[in-house]
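Chains A and B, in that order, give the protein sequences. Per this note's numbering, the first sequence starts with residue 71, numbered consecutively. Per this note's numbering, the second sequence starts with residue 71, numbered consecutively. First the structure, in the form of structure tokens, and then the observations on it.
There are 2 protein chains.
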Amino acid sequence: MRAVVLDNHGLRLDTDYPSPQAAPGEVLIRVLRAGICETDLQLIAGYMAFRGVLGHEFVGVAESGRYRGQRVVGEINCSCRQCEYCQAGLGRHCPNRSVLGILNHDGAFADLIAVPEANLHLVPESLSDETAVFNEPLAAAFEIPEQLDLSGYRRAVVLGDGRLGNLCAQVIARSGCDLTVIGKHRAKLALLERLGIATELLGNVEPRREADLVVDCTGSPTGLETALGLVRPRGTIVMKTTVAAEHASSLAPLVIDEITLVGSRCGPFDKALAALAAGDIDVQPLVSGTYALDDALEALHRAQAGSVLKLQLVVRQ
Amino acid sequence: MRAVVLDNHGLRLDTDYPSPQAAPGEVLIRVLRAGICETDLQLIAGYMAFRGVLGHEFVGVAESGRYRGQRVVGEINCSCRQCEYCQAGLGRHCPNRSVLGILNHDGAFADLIAVPEANLHLVPESLSDETAVFNEPLAAAFEIPEQLDLSGYRRAVVLGDGRLGNLCAQVIARSGCDLTVIGKHRAKLALLERLGIATELLGNVEPRREADLVVDCTGSPTGLETALGLVRPRGTIVMKTTVAAEHASSLAPLVIDEITLVGSRCGPFDKALAALAAGDIDVQPLVSGTYALDDALEALHRAQAGSVLKLQLVVRQ
Numbered sequence: 071m072r073a074v075v076l077d078n079h080g081l082r083l084d085t086d087y088p089s090p091q092a093a094p095g096e097v098l099i100r101v102l103r104a105g106i107c108e109t110d111l112q113l114i115a116g117y118m119a120f121r122g123v124l125g126h127e128f129v130g131v132a133e134s135g136r137y138r139g140q141r142v143v144g145e146i147n148c149s150c151r152q153c154e155y156c157q158a159g160l161g162r163h164c165p166n167r168s169v170l171g172i173l174n175h176d177g178a179f180a181d182l183i184a185v186p187e188a189n190l191h192l193v194p195e196s197l198s199d200e201t202a203v204f205n206e207p208l209a210a211a212f213e214i215p216e217q218l219d220l221s222g223y224r225r226a227v228v229l230g231d232g233r234l235g236n237l238c239a240q241v242i243a244r245s246g247c248d249l250t251v252i253g254k255h256r257a258k259l260a261l262l263e264r265l266g267i268a269t270e271l272l273g274n275v276e277p278r279r280e281a282d283l284v285v286d287c288t289g290s291p292t293g294l295e296t297a298l299g300l301v302r303p304r305g306t307i308v309m310k311t312t313v314a315a316e317h318a319s320s321l322a323p324l325v326i327d328e329i330t331l332v333g334s335r336c337g338p339f340d341k342a343l344a345a346l347a348a349g350d351i352d353v354q355p356l357v358s359g360t361y362a363l364d365d366a367l368e369a370l371h372r373a374q375a376g377s378v379l380k381l382q383l384v385v386r387q
Numbered sequence: 071m072r073a074v075v076l077d078n079h080g081l082r083l084d085t086d087y088p089s090p091q092a093a094p095g096e097v098l099i100r101v102l103r104a105g106i107c108e109t110d111l112q113l114i115a116g117y118m119a120f121r122g123v124l125g126h127e128f129v130g131v132a133e134s135g136r137y138r139g140q141r142v143v144g145e146i147n148c149s150c151r152q153c154e155y156c157q158a159g160l161g162r163h164c165p166n167r168s169v170l171g172i173l174n175h176d177g178a179f180a181d182l183i184a185v186p187e188a189n190l191h192l193v194p195e196s197l198s199d200e201t202a203v204f205n206e207p208l209a210a211a212f213e214i215p216e217q218l219d220l221s222g223y224r225r226a227v228v229l230g231d232g233r234l235g236n237l238c239a240q241v242i243a244r245s246g247c248d249l250t251v252i253g254k255h256r257a258k259l260a261l262l263e264r265l266g267i268a269t270e271l272l273g274n275v276e277p278r279r280e281a282d283l284v285v286d287c288t289g290s291p292t293g294l295e296t297a298l299g300l301v302r303p304r305g306t307i308v309m310k311t312t313v314a315a316e317h318a319s320s321l322a323p324l325v326i327d328e329i330t331l332v333g334s335r336c337g338p339f340d341k342a343l344a345a346l347a348a349g350d351i352d353v354q355p356l357v358s359g360t361y362a363l364d365d366a367l368e369a370l371h372r373a374q375a376g377s378v379l380k381l382q383l384v385v386r387q
């Protein structure tokens, strides 16, 4: 089969990669469409030392199992279902887990991917493939209200106007708080303004320490320092940014101002699907381009440009 | 009067420093005894660019006001009592505040210190001067149960066997959780063992990611990285360490494991005094030495030695 493979020789499109075998409990999914994420770019840059097929945002058709012949999306953490974390309902933190396209498990930039059947969610008929691919990153945005009661925050800032920043902003805006997105790109900020969300250019922002909540979606090791300049004493910063680079900043302000910093990763697929089905989240304007799988390397190259939002790979029409 | 002064020429004992004037709402305190804190050493090293009289842990006798002639301890944050934070009961975060011996306010390594009367707490007769001086750092330890419900944490680790680590450990041990203090100094760890608190030498510790709560009292920029190696996914790290140095570590593990990091600074004087009066906290073994104020520079030099716990300055017998 075709697959976008990252190995010791670098990144390549392999047209004769061995098809995955479904392990016990797994189902093969014929991929329809996949999305390129910042994490894919980080993996290519060396993060997690991943080797294998890239890709973890996808929609496809189940080849077997209870969703056979139907469109599904899949949670990316493949947990052991037996350890202390799995028993406590925290399978996304299972220490024995593999992660689709990220850790010890081939991903979705391929004709086929093997996914635990327990990870699958049926896609409502009303959702296009283009929209359904957004479910994985949108679920990550919905992790924020899983961790925090957003009704307790009056003034919120999302740092970063990229793919994840946009989705987090749309999720947080639903809570009715006074939200501002701060970013570097006028065109990306304009998309948010069209949704009625206030925005500011990063270059115009002075440290003002008045936000009750700051969500760092910058993807940059400097995001935390910017967040510390905007959050009020006793406020909360949510970190969505995973970068391999070191944060080189003093954390003394975090102690002096008694800030709470909350790491936040993958989230609930069911809540994201429900919001997409209800039309509550506007993802279509985020698509900056669509490529055939055969042109995946070109797409991954273009995804590194600052002007780009979401690029998708069409694997099968 | 005598005062330990830090200015652009460095640190000196001034025997003819001008006595403080009590501003409206302030009371002069004749200092009996003061404690040397890690923050004093940081200030001497350049932290906060402080200029003035050092010292913020003290017991003294009020010269006027409702505690006139009685022994008092004083909270260190001098807040405006008018701003949004003060109105919300968060005067310790007042953006207009000065801080005794730390920020725009002369401190307690002197014959006299001016303190807002509202900051004063009467010292119970039963407490010695030596014990009462511990109230300020002990209050900082009691800030942890102000911020977190400790009954929710089963396995706790305190990183650091110094002055603050010891006090935080004694406070956390009261919650009944399974507590281990990890430090570098056998003699300091032995003090904790005598209180029935389990300890480990840092050199023997492997990352094990199983603690529900880790409290960083290392005073070192590497403390956070050690804490991230010990806390479980979805666990909590409390940062008590304020250092001017930069933390150079990737925060990706914080995001991946969805760790909550809570900055923690000054705490409730009343709860600390009550615990000292009840004999619940054992501070006497922490005193490594006592110096006359006239020998303060020698004491501040000795306080930098790794083997020392608390040094106190006797200002007036």
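From the three backbone atoms N, C-alpha and C, an ideal C-beta is built for every residue, glycine too. A quick note: this is a predicted structure, and the numbers were derived from the prediction, not measured.
Output the boundary residues of the alpha helix (DSSP H) element that contains residue 256 of chain A. If you look at residue 256 of chain A, you'll find it in the alpha helix (DSSP H) that goes 256-264.
Look at residue 144 of chain B and residue 120 of chain B and say whether their C-beta atoms are less than 8 Å apart. no
Between A:211, A:233, A:242 and A:334, which lies nearest to residue 222 of chain A when the distance is taken from Cα to Cα? Closest option to residue 222 of chain A, Cα to Cα, is A:242.
Under the DSSP definition of a beta bridge, which residues are partnered with residue 168 of chain A? According to DSSP, which records beta bridges pairwise, residue 168 of chain A is partnered with A:148.
Assign residue 231 of chain B to buried or exposed, taking buried as 16 or more other Cβ atoms, counted over all protein chains shown, within 10 Å of its Cβ. buried
Are the stretch 260-274 of chain A and the stretch 363-375 of chain A touching by the rule of at least three beta carbon pairs closer than 8 Å? no
So which of A:337, A:311, A:169 and A:195 has the shortest CA-CA distance to residue 210 of chain A? A:337
Short Cβ contact (8 Å threshold) for residue 100 of chain B with residue 125 of chain B: no
So what does DSSP say about residue 365 of chain A, is it helix, strand or coil? In this structure, residue 365 of chain A counts as helix in the three-state DSSP scheme.
Which residues in chain B sit within 7 Å of residue 335 of chain A, going by Cβ to Cβ distance? 325, 326 and 328
In three-state DSSP terms, what is residue 118 of chain A? Helix.
Kindly list, in the order they appear in chain B, the residues whose Cβ is closer than 8 Å to that of residue 278 of chain A. Under the 8 Å cutoff, chain B gives no residues; its nearest Cβ is about 11 Å from residue 278 of chain A.
Can you tell me the Cα-Cα spacing of residue 181 of chain B and residue 252 of chain A, whole angstroms? 51 Å
For residue 180 of chain A, which residues does DSSP report across the bridge? A:73
Best match in B:257, B:286, B:255 and B:248 for proximity to residue 234 of chain B [C-alpha to C-alpha]: B:286
Counting pairs of beta carbons, one from the stretch 154-165 of chain A and one from the stretch 111-120 of chain A, are three or more of them closer than 8 Å? no
Which residue wins for smallest C-alpha separation from residue 321 of chain B, given the options A:302, A:290, A:326 and A:323? For residue 321 of chain B, the nearest C-alpha among the options comes from A:290.
Hey, residue 432 of chain B and residue 343 of chain B: beta-carbon distance below 8 Å or not? The question about residue 432 of chain B has no answer here: the residues shown for chain B are numbered 71 through 387.
If you run the structure through DSSP and keep just helix, strand and coil, what is residue 378 of chain B? coil
Using CA coordinates, which residue listed in B:292, B:229 and B:295 is at the minimum distance from residue 268 of chain B? B:229
Taking the beta strand (DSSP E) that residue 105 of chain B belongs to, which residues open and close that run? Residue 105 of chain B -> beta strand (DSSP E) spans 96-105.
Can you tell me which of B:79, B:108, B:137 and B:350 puts its alpha carbon nearest to the alpha carbon of residue 96 of chain B? B:137
Closest to residue 78 of chain A by C-alpha separation, out of A:93, A:85, A:87 and A:122, would be which residue? A:122
Between the beta-carbon of residue 93 of chain A and the beta-carbon of residue 184 of chain A, is there less than 8 Å? It is a contact, given that the beta carbons lie within the stated cut-off.
What residues of chain B sit near residue 160 of chain A, judged by a beta carbon separation below 8 Å? 303 and 304
What three-state label does DSSP hand residue 212 of chain B in the structure shown? Of the three classes helix, strand and coil, the one that applies to residue 212 of chain B here is helix, per DSSP.
Cα-Cα separation, residue 248 of chain A to residue 307 of chain A: 16 Å
Under the three-state DSSP convention, the category residue 128 of chain A falls into: strand
For chain A, check one thing: does any of its Cβ atoms lie closer than 8 Å to the Cβ of residue 310 of chain B? yes
Is any beta-carbon of chain A found at less than 8 Å from that of residue 322 of chain B? yes
How about residue 155 of chain B: is its C-beta nearer than 8 Å to some C-beta of chain A? yes
Is any beta-carbon of chain B found at less than 8 Å from that of residue 261 of chain A? no
Can you tell me the Cβ-Cβ gap for residue 300 of chain B and residue 281 of chain B, rounded? I've got them flagged as a contact below 8 Å. 5 Å
Express the C-alpha separation of residue 385 of chain A and residue 82 of chain A in angstroms, rounding to a whole number. 16 Å
Three-state secondary structure (DSSP) of residue 270 of chain A: strand
Using 8 Å for Cβ pairs, my map puts residue 383 of chain B next to residue 372 of chain B. What's the rounded Cβ distance? Actually they do not touch by this definition, with Cβ atoms about 12 Å apart.
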